[in-house]
Each structure stands twice: as structure tokens, then as C-alpha cells.
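A.B. asks: Before I ask anything, here is the structure I am working with.
2 protein chains.
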Amino acid sequence: MADPVEFFFDFSSPYAYLAAMKIEDLVRVRGRAVAWRPMLLGVVFKAVGGAPLTEYGIKGPYSVHDFARSARYAGLPYRMPEPFPIATQNAARLVLVVERAAPARIGELVRAIFPAFFVDNRNINDPAVLAEICASLGLDAEALTPAIEEPGIKDALRANCEEALRRGVFGAPFMFVEGEPFWGNDRLPQLDRWLETGGF
Amino acid sequence: MADPVEFFFDFSSPYAYLAAMKIEDLVRVRGRAVAWRPMLLGVVFKAVGGAPLTEYGIKGPYSVHDFARSARYAGLPYRMPEPFPIATQNAARLVLVVERAAPARIGELVRAIFPAFFVDNRNINDPAVLAEICASLGLDAEALTPAIEEPGIKDALRANCEEALRRGVFGAPFMFVEGEPFWGNDRLPQLDRWLETGGF
């Protein structure tokens, strides 16, 4: 099997939510898996400049409108969370915990955490909420959730952020196919053609 | 016939080039025409913040890469012009001159000016180049080109920029379908569905 498609994301990005719900199905058709790479946009924005779209002056109201319309276009439920954005490091760390403990379940977990925030307006950085999500998937919440505090997990998230920066990531979702970079949910069609044709 | 789709653009935007080459065919299928609205991104960026994508730090190299890949994806020729960006007010004014003199020819004119810059690397702000483009389309270059200096034409371009700002435009291409805003070449699929369904 060819290399997995790397998917760098932050749970507070609406466009990452839309892409995350589709990416695994999309790449599976092309014989690929997804390498889920949680990171923190706050760290990225601090390093390279940038801010949440909703804070970009006149772009803000358009972005809020476009989030919802893009979700309808994608056929996905969506409700603008409030507050937005929120810290997401615990959710990101849980992905890294599950990557270690039950790697085959990461996709499911990501597709449960994202709508908890972008549909149900839950605080997905709250360990109790994360434990509930784990339990709903039949994952061992009592073993997994506390592990988000382990130094090795914190280091792994930090390493993801550093790698993202080193590789030119400046937003989310940010995907790589054998080094070819694709930024944004609206680049999924190009990514798909890239996988189909081997590059164009 | 329903209202035309308004297409705000600047001739120095690569994504506006890609969208401009397709928009008329795309909306015609849905029973619509295009209202071409040339404007100046420099004026917009000065008013609302913003800069050419190539000047956005780490986003710059990705953008240059994405311009070319997006052109290949669209099946359109493309060569990154040098210098980039350039002033485009004369090209924008020529569109307004032709709008007055031969409105049925604007689409053709726009589709000739854009590739002169983004494929042939010509200075499309040079009146001599614009005259040549007019002549190549069988338009009366000697009558039309000097009219770009008329105060009424300069005012019309200024009015387009002011209207763009008033209506929330912050980049290009920026399109409106009965007030519904669509920013960017990558929103053409949503715009198309909007036309098809009457809104979603």
C-alpha cells in the first residue's frame, strides 16, 4: 500500500471538521490510509502569523457564513459553536493516546470529537467530555483519558506542531501526499485527482 | 432571465484569472449572464487590510505552487508572471470602456487580457498592449484605448471599488448571486449548485 495521506488538523477549525469527516473514505477508494496528525493552530499562528478566520476584520462575517454554507454543501450538520475558537490541546492529545493504544480506531474518534464541537457545541477540551466520547465508541475511557497528561503524549503533540511548522503548514486542514501540500477543505478535489493520477 | 451573476475581479489575481475563464460558460448553463465588475485589489487591501498572497510570509511559496497546480487542475495554461503583482487600472478601465461601447464583447475581452498576463507575461497595464489585444479581437483599438483616460471611466472604476468595499468584498474573485457572496475560484462549485437549486 502506498504511503498514508498525512492530515494535519486542529479540532477548532471548521474546514478541518468538514475535511476530516470525508478524508478517510475519499483516500480509501484510492488505496490509501490517513495518518492523522493533530496539531495546535495557536502554535502555528504564533510562529508564522495568522489568526482565526473569524478575527480577520471584514473576512470574519463572510467566514462564519461560509462555514455553514460549506457544511450544507458537503451534506454535513453544522452549528457555529459559541465560544469559538476554543483550546483543543486535550482533544489533540487524546488522539495521540489512542494512536498508541488502538490505532485502528483513530478515524472514528476524530469523527466523533469534531461534531461534538461543531454540531453539539460541547467543550471538547474538557476531559470529562472526552471520556464520554471514548465510552460512546466502546473505548476504555478510564484508561485512555488520564493518559492525555503524560509527558510523552504532551511531547508528541509538541513534536507534531514543530514538524508542521518545519514542513510549511500555516493553516488547517493541511494535507500531504508524498510531500505534495494541499491546504484547505476546498483542495480535496485536487488531492483526489492527485491520488488518482499520481500527480498532475 | 434572472439577474446576472456579478463577478468582481482584479486582473492581477491568479484565482480571478482561473475563474474568469470559466464563469460565463458555467452560468450560461443555468440561464444567467455575467456582470463583469473590474476593481482594484490594491484599493481593497488598503481599506480592509490584506496583501497579495505571495507576500504572506510562509503562505507565499505555497500560493505560487497552488496557482500553477490549480491552473493545471482547471486545464488552463499558466505561467507565473514576473513582476507580480502589477498595476492593472488601465486594463480595468478598458473593460469599462468596452462595457459602454460594445457590452456584448466584455467576456471575450476579459478572457484575452487575463492570459496575456498569466500566460504570456505581458504588461497588461500598458495601453499599447491593450490596444493590441483590442485589435486582435476586431475591436476598434484607436477609438477605445484612449478612452481609458476619460474622467467618466476613471470615476466608474472608482465607483466599482467603492461598491465592492460597501458590499463586503475583500479579495478576488468575489461573486454575488442575488446578494449571496462567494469568494474565490474554489467556490465555483458552490455557486453552481446555488444557481442550480436556487440556494441551499
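Residue numbers (numbering that gives the first Met the number 0), protein chains in the order written: chain A, 0 to 199; chain B, 0 to 199. Beta carbons are placed, not taken as given, at the ideal position from N, Cα and C, and that holds for glycine. This one's a predicted model, so the numbers in the text were calculated from it and none came from an experiment.
Is the beta carbon of ALA86/A less than 8 Å from the beta carbon of PRO37/A?
C.D. replies: Counting from 1 along the first sequence, the entry for residue 86/A is found at position 87. Counting from 1 along the first sequence, the entry for residue 37/A is found at position 38. No, Cβ-Cβ distance for ALA86/A and PRO37/A is not below 8 Å.
A.B. asks: Report yes or no: is there a C-beta of chain A within less than 8 Å of the C-beta of ILE57/B?
C.D. replies: The count along the second sequence starts at 1 and reaches residue 57/B at position 58. Interface residue, yes.
A.B. asks: At a Cβ threshold of 8 Å, is ASP9/B touching chain A?
C.D. replies: Counting from 1 along the second sequence, the entry for residue 9/B is found at position 10. ASP9/B does not count as touching chain A.
A.B. asks: Give the residues of chain B in contact with TRP212/A, contact being defined as C-beta atoms less than 7 Å apart.
C.D. replies: With chain A represented from 0 up to 199, any question about residue 212/A goes unanswered, as that position is not in the structure.
A.B. asks: So for VAL96/A, helix, strand or coil by DSSP?
C.D. replies: Counting from 1 along the first sequence, the entry for residue 96/A is found at position 97. Three-state result, VAL96/A: helix.
A.B. asks: Between which two residues does the alpha helix (DSSP H) holding PRO114/B run?
C.D. replies: Residue 114/B sits at position 115 when you count from the first residue of the second sequence. First-last of the alpha helix (DSSP H) with PRO114/B: 105 to 117.
A.B. asks: Please classify THR196/B as buried or exposed, where buried requires at least 16 other C-beta atoms within 10 Å of its C-beta.
C.D. replies: Translated into the one-based positions of the second sequence, residue 196/B becomes position 197. Looking at its Cβ environment, which holds fewer than 16 other Cβ atoms inside 10 Å, THR196/B is exposed.
A.B. asks: Are at least three pairs of beta-carbons, each pair with one atom in the segment 60 to 71 of chain A and one in the segment 13 to 33 of chain A, less than 8 Å apart?
C.D. replies: yes
A.B. asks: ASP185/B versus chain A: which residues are under 7 Å apart at the beta carbon?
C.D. replies: Position 186 of the second sequence, counted from the first residue, corresponds to residue 185/B. Below the 7 Å Cβ cutoff, chain A contributes ASP185 as neighbours of ASP185/B, in chain order.
A.B. asks: CB-CB under 8 Å to VAL47/B, same chain, minus the five flanking residues each way: which ones, in chain order?
C.D. replies: Taking the first residue of the second sequence as 1, we reach residue 47/B at position 48. Answer for VAL47/B: LEU164 and PHE169, listed in chain order.
A.B. asks: Helix, strand or coil for ALA34/A? Go by DSSP, reduced to three states.
C.D. replies: Against the first sequence, residue 34/A aligns to sequence position 35. Three-state result, ALA34/A: strand.
A.B. asks: Please list the terminal residues of the continuous alpha helix (DSSP H) segment that includes PHE181/B.
C.D. replies: Here residue 181/B refers to the residue found at position 182 when the second sequence is read from its first residue. That residue, PHE181/B, is in no alpha helix (DSSP H); its beta strand (DSSP E) goes 179 to 182.
A.B. asks: Could you confirm whether any beta carbon from chain B is found closer than 8 Å to the beta carbon of GLY48/A?
C.D. replies: Taking the first sequence and counting its residues from 1, one reaches residue 48/A at position 49. Yes, contact with chain B.
A.B. asks: Flag this pair as touching only if the segment 25 to 37 of chain A and the segment 100 to 120 of chain A have three or more C-beta atom pairs under 8 Å; answer yes or no.
C.D. replies: yes
A.B. asks: So, are the CB atoms of VAL203/B and LEU156/B less than 8 Å apart?
C.D. replies: Because chain B here runs from 0 to 199, residue 203/B falls outside it and cannot be looked at.
A.B. asks: Beta carbon of PHE10/B, beta carbon of PHE83/B: below 8 Å?
C.D. replies: Sequence index remark: in the second sequence, residue 10/B carries index 11 (1-based). Sequence index remark: in the second sequence, residue 83/B carries index 84 (1-based). Cβ atoms of PHE10/B and PHE83/B: not closer than 8 Å.
A.B. asks: What does the Cβ neighbour count give for ASP154/A, buried or exposed, with the cut at 16 atoms within 10 Å?
C.D. replies: Within the first sequence, residue 154/A is the residue found at index 155, counting from 1. Exposed, since its Cβ has fewer than 16 Cβ neighbours within 10 Å.
A.B. asks: Quick one: is LYS45/B buried, meaning 16 or more other Cβ sit within 10 Å of its Cβ, or exposed?
C.D. replies: Against the second sequence, residue 45/B aligns to sequence position 46. So LYS45/B ends up on the exposed side.
A.B. asks: Taking the C-alpha atoms as reference points, what is the distance between LEU95/A and ASN159/A?
C.D. replies: The sequence position of residue 95/A within the first sequence is 96, counting from 1. The sequence position of residue 159/A within the first sequence is 160, counting from 1. Approximately 10 Å between the Cα atoms of the pair.
A.B. asks: Since PHE66/A is in the alpha helix (DSSP H), which residue starts that stretch and which ends it?
C.D. replies: Residue numbering aside, residue 66/A sits at position 67 when the first sequence is read from its first letter. Unbroken alpha helix (DSSP H) run through PHE66/A: 58 to 73.
A.B. asks: Decide if the segment 57 to 67 of chain A is in contact with the segment 165 to 184 of chain B; the criterion is three or more beta carbon pairs, one per stretch, under 8 Å apart.
C.D. replies: yes
A.B. asks: Quick one: list the residues of chain A neighbouring TYR72/B, beta-carbon separation under 8 Å, in chain order.
C.D. replies: Within the second sequence, the letter at position 73 stands for residue 72/B. Listed by position along chain A, the residues whose Cβ is nearer than 8 Å to that of TYR72/B are PRO188, GLN189, ARG192 and PHE199.
A.B. asks: Could you tell me which residues DSSP puts in a beta bridge with PHE173/A?
C.D. replies: For this step, residue 173/A is matched to residue 174 along the first sequence. BP columns for PHE173/A point to PHE7/A and TRP182/A.
A.B. asks: 8 Å is my cut-off, CB to CB: does PHE169/B come that close to chain A?
C.D. replies: As a position in the second sequence, residue 169/B is number 170, starting the count at 1. Yes, PHE169/B lies at the interface with chain A (some Cβ there is under 8 Å from its Cβ).
A.B. asks: Can you check which of these residues, PHE117/A, TYR55/A, GLY74/A and PRO51/A, is closest to GLU81/A by C-alpha distance?
C.D. replies: On the first sequence, residue 81/A is found 82 positions in, with the first residue counted as 1. It is PHE117/A.
A.B. asks: Got a sec: is the Cβ-Cβ distance from ARG68/A to anything in chain B below 8 Å?
C.D. replies: Along the first sequence, read from residue 1 onward, the residue named residue 68/A stands at position 69. Yes, because at least one Cβ of chain B sits closer than 8 Å to the Cβ of ARG68/A.
A.B. asks: Hey, how far is the Cα of ASN124/A from the Cα of PHE6/B?
C.D. replies: As a first step, residue 124/A is located in the first sequence; it is residue number 125 there, counting from the start. As a first step, residue 6/B is located in the second sequence; it is residue number 7 there, counting from the start. A direct Cα-Cα distance of roughly 42 Å separates ASN124/A from PHE6/B.
A.B. asks: Assuming GLU81/A is part of the alpha helix (DSSP H), what are its boundary residues?
C.D. replies: As a working mapping, residue 81/A is identified with position 82 in the first sequence. No alpha helix (DSSP H) holds GLU81/A; DSSP gives it neither H nor E.
A.B. asks: Which residues bound the alpha helix (DSSP H) around PHE44/A?
C.D. replies: Taking the first residue of the first sequence as position 1, residue 44/A is located at position 45. Element bounds for PHE44/A: 40 to 47.
A.B. asks: Rank HIS64/B, MET20/B, CYS133/B and ARG29/B by C-alpha distance to the C-alpha of ALA1/B and give the top, closest one.
C.D. replies: Locating residue 1/B in the second sequence gives position 2, where the first residue counts as 1. Ranking HIS64/B, MET20/B, CYS133/B and ARG29/B by Cα distance to ALA1/B puts ARG29/B first.
A.B. asks: Going by beta carbon distance, what residues of the same chain come within less than 7 Å of PHE181/B, once the five residues before and after it are set aside?
C.D. replies: Against the second sequence, residue 181/B aligns to sequence position 182. So the list reads MET174, GLN189 and LEU190, once near-sequence residues are dropped.
A.B. asks: Between the alpha carbons of ALA140/A and LEU129/A, how many angstroms are there, rounded?
C.D. replies: For this step, residue 140/A is matched to residue 141 along the first sequence. For this step, residue 129/A is matched to residue 130 along the first sequence. Approximately 8 Å, taken between the alpha carbons.
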